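Chains as they are written, first to last, in my numbering: chain A, 1 to 541; chain B, 1 to 568.
Glycine residues also receive a C-beta, built at the ideal position from the N, C-alpha and C atoms.
Predicted, not measured: the structure shown is a model, and the values here were computed from it.
Read the structure below first, then the notes.
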Amino acid sequence: MSAFTPTDQQKDAINYKGNMVITACPGSGKTTVIKEKIRQITPELLNHKGIIAITFTRKASLELKNRCKLNAHDTKQSFFGTIDSFCYKELILPFLSRVWDGSPNNCQVVKRLQTPYKKYLADVYEKSPSLEDLNSDKGFKRLFDDEILWMSSFAAIALHILNESSAAQRYIKAKYSHIFIDEYQDTSKAQHQLFLKLFELGLIATAVGDIQQSIFEFRGGSPELLKQLSDNEDNFKHFEITINHRSHPSIINYASRLLNPDFQLLEYEGDARVHQLELDGNLKNVGEQISVWVTELLKSGDIDTPSEVAILTRKIDSIKLLSTGLEVNHRVYVDSPLDELGTACADLYSDLLAFSLGTIPTAQDLIDKQFQFINSKKQHIANFRTHLLNLKNEQNIDEFINKCRNLALNLQIDDTHDSDNVLKQILEHEEQLKLFKPIDKNEVQVMTLHKCKGLEFKVVFHLDLEDWVFPFKRVIDSDWDNPIYPNLIQEKNLHYVGITRAENDCVLIQAGLRRNSFGEFKVSKPSCFLTLPQLEGLYQQ
Amino acid sequence: MKVSSLHLKGFRNFKDAHINFKASSLVVGSNDIGKSNMLHALRIVLDKSLSEADIEPSELDFHINANEICDTVEITIKFDQIIEDAVISVLKGNVSDDGETYIRYSAQKSDLSYKLFVGHSLEDLQEVSSRFYLKYVNLKYIQSQRDLERFIRKEKKQLLRIAQQLLSEEDIEADEELFSEISQDLSTLNGKVSQLRYVTSATSDVNEELKKLAHHYADYEVQLDTGAIEVNDFIDKLQLGAKSNGSNVMLGGDGRNNQILLALWKAKSAIEHDLDNEVVFYVIEEPGAHLHPHQQRKLASYLTKELPGQTIISSHSPQITVNFKPDSIVRLRTKNGATVAASEGCSDCIAEGWEDMSYRMSILPAEAFFSSGIFLVEGPSEVLFYHELAEQLDIDLDFENLSILSVDGISFKVYIEILNALEIPWVMRTDNDISKIPNKDQWQYAGINRCLRLANIEPFLHSEIMVKPQKTIESGEWESVSDNVNDKGIFLSKIDLETDLINELSEPILLALGKTTIPSAIDYLQKKKALRMRTLLKHIRPDLNQLSEGELAKPLSKLVEVSKEVSI
Numbered sequence: 001m002s003a004f005t006p007t008d009q010q011k012d013a014i015n016y017k018g019n020m021v022i023t024a025c026p027g028s029g030k031t032t033v034i035k036e037k038i039r040q041i042t043p044e045l046l047n048h049k050g051i052i053a054i055t056f057t058r059k060a061s062l063e064l065k066n067r068c069k070l071n072a073h074d075t076k077q078s079f080f081g082t083i084d085s086f087c088y089k090e091l092i093l094p095f096l097s098r099v100w101d102g103s104p105n106n107c108q109v110v111k112r113l114q115t116p117y118k119k120y121l122a123d124v125y126e127k128s129p130s131l132e133d134l135n136s137d138k139g140f141k142r143l144f145d146d147e148i149l150w151m152s153s154f155a156a157i158a159l160h161i162l163n164e165s166s167a168a169q170r171y172i173k174a175k176y177s178h179i180f181i182d183e184y185q186d187t188s189k190a191q192h193q194l195f196l197k198l199f200e201l202g203l204i205a206t207a208v209g210d211i212q213q214s215i216f217e218f219r220g221g222s223p224e225l226l227k228q229l230s231d232n233e234d235n236f237k238h239f240e241i242t243i244n245h246r247s248h249p250s251i252i253n254y255a256s257r258l259l260n261p262d263f264q265l266l267e268y269e270g271d272a273r274v275h276q277l278e279l280d281g282n283l284k285n286v287g288e289q290i291s292v293w294v295t296e297l298l299k300s301g302d303i304d305t306p307s308e309v310a311i312l313t314r315k316i317d318s319i320k321l322l323s324t325g326l327e328v329n330h331r332v333y334v335d336s337p338l339d340e341l342g343t344a345c346a347d348l349y350s351d352l353l354a355f356s357l358g359t360i361p362t363a364q365d366l367i368d369k370q371f372q373f374i375n376s377k378k379q380h381i382a383n384f385r386t387h388l389l390n391l392k393n394e395q396n397i398d399e400f401i402n403k404c405r406n407l408a409l410n411l412q413i414d415d416t417h418d419s420d421n422v423l424k425q426i427l428e429h430e431e432q433l434k435l436f437k438p439i440d441k442n443e444v445q446v447m448t449l450h451k452c453k454g455l456e457f458k459v460v461f462h463l464d465l466e467d468w469v470f471p472f473k474r475v476i477d478s479d480w481d482n483p484i485y486p487n488l489i490q491e492k493n494l495h496y497v498g499i500t501r502a503e504n505d506c507v508l509i510q511a512g513l514r515r516n517s518f519g520e521f522k523v524s525k526p527s528c529f530l531t532l533p534q535l536e537g538l539y540q541q
Numbered sequence: 001m002k003v004s005s006l007h008l009k010g011f012r013n014f015k016d017a018h019i020n021f022k023a024s025s026l027v028v029g030s031n032d033i034g035k036s037n038m039l040h041a042l043r044i045v046l047d048k049s050l051s052e053a054d055i056e057p058s059e060l061d062f063h064i065n066a067n068e069i070c071d072t073v074e075i076t077i078k079f080d081q082i083i084e085d086a087v088i089s090v091l092k093g094n095v096s097d098d099g100e101t102y103i104r105y106s107a108q109k110s111d112l113s114y115k116l117f118v119g120h121s122l123e124d125l126q127e128v129s130s131r132f133y134l135k136y137v138n139l140k141y142i143q144s145q146r147d148l149e150r151f152i153r154k155e156k157k158q159l160l161r162i163a164q165q166l167l168s169e170e171d172i173e174a175d176e177e178l179f180s181e182i183s184q185d186l187s188t189l190n191g192k193v194s195q196l197r198y199v200t201s202a203t204s205d206v207n208e209e210l211k212k213l214a215h216h217y218a219d220y221e222v223q224l225d226t227g228a229i230e231v232n233d234f235i236d237k238l239q240l241g242a243k244s245n246g247s248n249v250m251l252g253g254d255g256r257n258n259q260i261l262l263a264l265w266k267a268k269s270a271i272e273h274d275l276d277n278e279v280v281f282y283v284i285e286e287p288g289a290h291l292h293p294h295q296q297r298k299l300a301s302y303l304t305k306e307l308p309g310q311t312i313i314s315s316h317s318p319q320i321t322v323n324f325k326p327d328s329i330v331r332l333r334t335k336n337g338a339t340v341a342a343s344e345g346c347s348d349c350i351a352e353g354w355e356d357m358s359y360r361m362s363i364l365p366a367e368a369f370f371s372s373g374i375f376l377v378e379g380p381s382e383v384l385f386y387h388e389l390a391e392q393l394d395i396d397l398d399f400e401n402l403s404i405l406s407v408d409g410i411s412f413k414v415y416i417e418i419l420n421a422l423e424i425p426w427v428m429r430t431d432n433d434i435s436k437i438p439n440k441d442q443w444q445y446a447g448i449n450r451c452l453r454l455a456n457i458e459p460f461l462h463s464e465i466m467v468k469p470q471k472t473i474e475s476g477e478w479e480s481v482s483d484n485v486n487d488k489g490i491f492l493s494k495i496d497l498e499t500d501l502i503n504e505l506s507e508p509i510l511l512a513l514g515k516t517t518i519p520s521a522i523d524y525l526q527k528k529k530a531l532r533m534r535t536l537l538k539h540i541r542p543d544l545n546q547l548s549e550g551e552l553a554k555p556l557s558k559l560v561e562v563s564k565e566v567s568i
C-alpha cells in the first residue's frame, strides 16, 4: 500500500480541492483515489470535524474506513457507511422529531414493508421514494406514527429533515466539511437530491462512479444522475480515470469495444485473453468441462487456489444446473431462503447462522451490524451478547432454533414463525447450510453477474451467453418476428462488469443447449453480445 | 453558547429554585446561603476536573428542611445561543432550531445513583451515558482560598509546555541552538565550581584515607561535583516575578498571587481552547478575597471584560458589585427555609430612562445588595437625621443590617424597581411637594401622586386653584393618602423634613437655633440643609427620643418590621 504511486489521472483527481465528479473505469483504483483524498483532507480539519464517505455496501465502507485509518491516521469525526446508515444516524434519529411529531427512537427499521404496512402507501415505490413522493403521500407519516421506518425512504426523509430543520443544517455544517459518494451510478433520485443539498449547504462534494457499470436501475439506481453531475461543469469539475490496472489489455480492449465501437485499442504482446467458446450440451456439461479446466489451471500454476476462479451467470437458475456438473469444490453465492424472506427476523437468523459457523468472526461484528439501526442501552447489548455466545456451541437443531428465537425477542422481534421454519429447513440441509460457511480458498466461486460487482478474479468463466437468455429477449403480443430486448443498455453494462472482473483470462461460454421459460432444452444460438462486429479479432475461438 | 438558566430541585440549600444568568453574572448573598452550592451544581454538569466519582451524589446533597426530605436531586441547565461549531457537532440533535439545549443531572437518594439527560427541549430529554459534551464545552472553576502557590507552579509548567507547542519551526531551531549554548555555559560553570579551593580540599582528606585502605583503590578518587545541573533544572526553577523599574521583584502576598493566577489562567485558556469553536464558562468564587477594595473593583472589571466566555462570579464583597448592573445580579436569599434567587436572578428590573441618570455602573451603593432592608429618602439631610433618630430610638441599623439611602432627588421609582427585583424590603419617605404646571393655571400634587403611583393607586387630578401643602392637611387629604400608602412602606411628609421636625419638636429646636418663631427656624434650616441639620442634631440629640410616637419615626419602625418579615 505504501508503495502507491498514482498515475497522472489519479494525481489530478487527488489534488483537486473543489467539488468534483470522478468517473472511473473498472480496476482503475478509484477506492484508492477516494482514500488518498480523505487522507489528504483530514489532517487539515479541526478536531471536531470530519468528512462523510458513503459507499454502496457495508463491506465496502469497512474496507474504505480501514484503508483510511491505516497507520493510525486520524480521520477525526468522519463518517464511513452506507447512505442508509448516514441518513439514519446523522439525520433521522437526532432530528426527525423536529419535523414529524413523534420519536424515531422507538421505531422499528424495516428493509421490506410487510402487510398491512405496505397498504399505507399509494405506490410500491420500487425505485425508492423521492422527496416529492414523501411530501405527497401521507402514508409515510402514517408508517412513522405506527413506529415503522422503511429503509428505502431514508434518503427522502433525511432530505425532508435538512430542508425543514435549521438545527439539522447547522449540525451537518458544523461537523462535516466534505461528502464523498461512491458508486454514484447506482444512486437513487432522493439520494442524488440529498447529495446536492449537502453541496448547497457548503460541503465540498465528490461523486465517484461509472455509468458503464450501472446495473441496478431496476431497483432505483439511475445512471442519468451521474451524467447530470458531470455535465454540471459550473459546479462540478469532471475527472476521468480511464486506466484499468486490473485486467489484461486484451480484456480491456474487448470490454471497452463492447460499449464503445470506436474505442482505441491498447497494444500488447502475445495472444488475446478473451475466449469465446461454444460447449456441447447443457450447463451441467459445461460444469463438467470447467471442472477439468480448473484442475489444469491449478496444475499449470496459472492459479494458486480454486477461489481465484469465478463462474458468473446471468440467471440464478443457471447456477443450480451448473452445480450438478461441477466436480471441483465450489461455493455458490445465491440468496438463501432467509434472504428471500427478507424480514428483520430472517436477517438476524442469517447473521446468527453465519456467526455460529464462524463466517461472522466475533460477537461484536454481529452486534455492530444488527444494532446498526437500533437505539439501545449498553445493558441491553450486554444481555444480547451473553445469549449470543451461548448459541455458538449449540448442536441440537431445535435448541438452536429456540435460542435464535430468544435473541429475536431480545431485539423486539415477536413474529418469528416463518423464519423459524426456514431456519429448521436450512439446518437440516447441508447444501443450504453451506451458504453460511466461511469462504474457503479451495472453492471455486459461483455467482450471478449482479453479485460480482467490485470483486476481481484471475480467471472468469462467463456463462449464459445464449440468444434469448442474455441479453434477455422477449416477444410482445406474439409478434415472433420482432422480439425485443427490454433492458439492453443495463444488460450490456452487466456483461461489461462481468468481463472486467477478470485479471488474466475471461472465458465467454455459450452452452449448446439452453433452457427456455418452460424448462425445455433447446438448441441454442449465440448471444448477440458475442457477434458484435466491433469485437472481431479481439478474442480467441 | 451561554448558560441561560439553572433549575435546582432538592439540591442542598435549594428546594426548587430557578436562576437566570446574563453574559456575566454576579452571585451575592449572605454567608451559608448556598452560593458555593449553586456553583457546584453548575460544576457537576460542566466541570471536567470533577471525575465521574466526584459527581456521584452523597446523602448530604439531598435537601432537608423542617417538613420534608427530598429524595431526588435535579439540576437542569438551559443553554442558549449555541453557535459554536464544535459544540453543535458534539451535541448533534440536542440543539433546537433556536440554538437551545437542556442538560439535566438527576440523582436518587435511595441508591445514590445518578443519571444524565440531554435534549433540545425539556419534553425531549434523552438519557446519555456520560458527560460526552465536555469534549468541547468547558467550565473553568477557580476558588481563591486554595493553595495558590502550588497552583501557580502547576499552571506555570502547563503554560510553558503549551507555549513550546505553539512555536514555529524557526523559533524551535533558535531555541535549540540557545539551549545547547546554555548547556555548554553550564558545563563550564560546573567545571569552575569544582575548582573552588574549598570544594576540592573538602574531599582531599577522604581520598588520602582511601589510599591507605588498599593499594588497588589508588586510582579511585571521590570528589564533590555540581552533579547534573542542567538547563531544565533552571527552567523548572523559574519563578513568576514582576519587573519594577527594570529590577526584578519577587511577588508576595496572597492578594497579588491571586491576580497573577487569574491572568495566568486566562492566558492558558485562550491558548488551550479554540474559542471560535469551543465554549468556556468561567466560574469564580470570591475572587477578591485577599485584595483591598480598589483592587477588588479592578479585578472584577478584568474578569468580566477580559475573560473570553460567560463569567459567573460569586462574592460577598460589596466592592465587586460596582461592576455589575442590577440586572446581572443574582441575589440568593432564604424563603420558607430554602434558598431561592430573588426574582429568579438577573431580572430585567432596570427602568427605562435609567441610562440618563446613571453616572456609574450601579446606582445602588454596593452595600445595598447585602441589606436586609432599605430606607429611601430624598437627600443627605434626611440621611443624617434618620441615622441620628435611629440611634436615639435604640434601633441598631448595622446590627439589623439596614441601610438609609438617599435617592438624591425624587427618582424613587427607579430604585424601588431594582429593590423589588432583588427582593430587598424597603420603605421610603418623600416631601409633600405641590408645584405649578408650567404655562398653565394648574397645580399638581407632586408628592401625593408620587406616593399614590408607587402604591398603584389612582393619582389626584391637577388643581385649578393654587394649593399649599398645609391645605392638604387641613382638608384631610394628607391623612387619607397616608392611610392608604403607609402599609406599603410609603410615607409622605406633612410638608417636608425641616418643617415636620420643627413642628414635632419645636421647643428644643427653637432653643438650639436661638430662634423665636417657627417660620424663622424653618427658613434657617432650609438653607444649607445638610450642614445646618448636622449642627442642629448635635444639640437636640437627647431630645430626639420624644419623637418615638410621632409621624417622623414611623418609617423607621416600618423598616424594622418589613426586614423581619422577609428574613423568616
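Residues bridged to residue i [DSSP beta-bridge criterion]
i, result
"D101(A)", "Answer is none; D101(A) lacks a bridge partner."
"H7(B)", "H18(B) and T76(B)"
Per-residue DSSP class, three states only, for residue i
i, result
"A66(B)", "coil"
"I576(B)", "Shown here, chain B extends from 1 to 568; a query on residue 576(B) therefore has no answer."
"I54(A)", "strand"
"M250(B)", "Any reading at M250(B) needs caution, since the residue's pLDDT is 44, under 50, leaving its predicted position unreliable; the model's value is listed next. Residue state, collapsed to three classes: strand."
"L26(B)", "strand"
"G58(B)", "Residue 58(B) is actually Ser in this sequence, not Gly. Coil at S58(B), not helix or strand."
"H275(A)", "strand"
"H273(B)", "coil"
"R360(B)", "With a pLDDT of 43 at R360(B), under the threshold of 50, the modelled position of this residue cannot be trusted; read the value that follows with caution. Residue state, collapsed to three classes: coil."
Cβ-based neighbour list, residue i, same chain, cut-off 6 Å, excluding 5 preceding and 5 following
i, result
"L508(A)", "Q276, H462 and L465"
"M357(B)", "Residue placement at M357(B) is flagged as unreliable, the pLDDT there being 46, under the threshold of 50; the coordinate-derived value follows with that caveat. Excluding positions up to five away in sequence, the list is empty."
8 Å Cβ cut-off: residues of chain E touching residue i
i, result
"S89(B)", "Of the chains in the structure shown, none is chain E; the protein chains are A and B."
Own chain residues within Cβ distance below 7 Å of residue i, not counting five before or after
i, result
"T531(A)", "none"
"D186(A)", "F56, S214, F216 and G221"
"Q526(B)", "E498"
"I539(A)", "What sits at residue 539(A) in the sequence shown is Tyr, not Ile. Cβ neighbours of Y539(A) beyond the five flanking positions: Y254, A272, V274, H275 and Q276."
Run of the beta strand (DSSP E) containing residue i, from where it starts to where it stops
i, result
"T206(A)", "I204 to G209"
"E285(B)", "V279 to E285"
"I570(B)", "Since the first residue of chain B shown is 1 and the last is 568, residue 570(B) is not available in this structure."
Element boundaries [alpha helix (DSSP H), containing residue i]
i, result
"H417(A)", "H417 to E428"
"I502(B)", "L497 to E504"
Close beta carbons around residue i, own chain, < 8 Å, minus the five adjacent residues each side
i, result
"K268(B)", "E155, Q158, L159 and I162"
"K266(B)", "E306, L307 and P308"
"L125(B)", "Y102, R104, F117, V118 and G119"
"D523(B)", "none"
Counting only runs of 4+ residues fully inside the stretch 361-397 of chain A, write out the alpha helix (DSSP H) ranges in chain order.
-> Runs of the alpha helix (DSSP H) lying entirely within the stretch 361-397 of chain A, each at least 4 residues long, are 363-370 and 378-391 in chain order.
Sequence ranges, beta strand (DSSP E) only - wholly within the stretch 459-532 of chain A, length at least 3 = Runs of the beta strand (DSSP E) lying entirely within the stretch 459-532 of chain A and spanning at least 3 residues, in chain order: 502-511, 513-515 and 521-523.
Where are the beta strand (DSSP E) runs, 3 residues long or more, that stay fully inside the stretch 72-118 of chain A, in chain order?
-> Every unbroken stretch of the beta strand (DSSP E) spanning 3 or more residues and falling wholly within the stretch 72-118 of chain A is given here in chain order: 79-82 and 108-110.
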